[in-house]
Amino acid sequence: MHEIVRECDLLHDVDAAPHWVITCASGAVMKAMNVEAYDVLLRMHRARIWLHGVEDPYEGEKCSWDEVQEQSLALGGRVISLFQYEGQPFVAWTVFSSPGMASLRFLMHGIEFTYEHSQGYPAEVRFESVEFPLAG
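Here is the structure:
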């Protein structure tokens, strides 16, 4: 189950650039997070913090995780932040329609992201043709 919220509505921050965020509303996420936590993680992701509280998965490789994300951002590709929050893994990622033009942003528990990654990001496919705001 997914929930779609305006990023600036999370804490009524009218100064934030409005953007639609798709959050995974599974039991794991609902137990581990609250609205303030969503806001903190999304702000960190927008601030280009790609790793927080986790080891670099590319440690020892030619390029670090941060370098790979910066390269992807420059090309308008998918950028992914990996976080640890209260002992739980969370992932925020953004998909761009072109460089600098974010089209979708996701936030979910690390376990759910593992599935997304292994299956070729089905959430992106599911929401790529959705027009926001959704008719209610």
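With numbering that gives the first Met the number 0, the residue at position 119 of the sequence shown is 118, and numbering never jumps. Every residue gets a Cβ at the ideal spot worked out from N, C-alpha and C, and that includes glycine.
TODO: Determine the closest residue to His44 out of Glu60, Leu72 and Lys61, with distance taken between C-alpha atoms.
DONE: It is Leu72.
- [ ] Ignore the nearest five residues each way along the sequence and tell me which others in Leu40's own chain have a CB closer than 7 angstroms to its CB.
- [x] Cβ neighbours of Leu40 within its own chain (closer than 7 angstroms, five residues either side excluded): Phe82, Tyr84, Phe89, Ala91 and Leu106.
Task: Nonlocal neighbours in the same chain, by C-beta distance under 6 angstroms from Asp55, ignoring five residues either side - done: Non-local beta-carbon contacts of Asp55 in its own chain, meaning distances under 6 angstroms to residues more than five positions away in sequence, involve Ser63 and Trp64 in chain order.
TODO: Could you check which residue in Ser102, Ile110 and Asn33 has the C-alpha nearest to that of Val78?
DONE: Answer by Cα proximity: Ser102.
Task: Cα-Cα separation, Val124 to Glu60 - done: Spanning the two alpha carbons is a distance of roughly 30 angstroms.
Task: First and last residue of the uninterrupted alpha helix (DSSP H) at Tyr114 - done: From DSSP, the alpha helix (DSSP H) with Tyr114 extends over Gly109 to Ser117.
Task: Boundaries (first-last residue) of the beta strand (DSSP E) holding Trp49 - done: In the DSSP assignment, Trp49 falls outside any beta strand (DSSP E) and carries neither an H nor an E.
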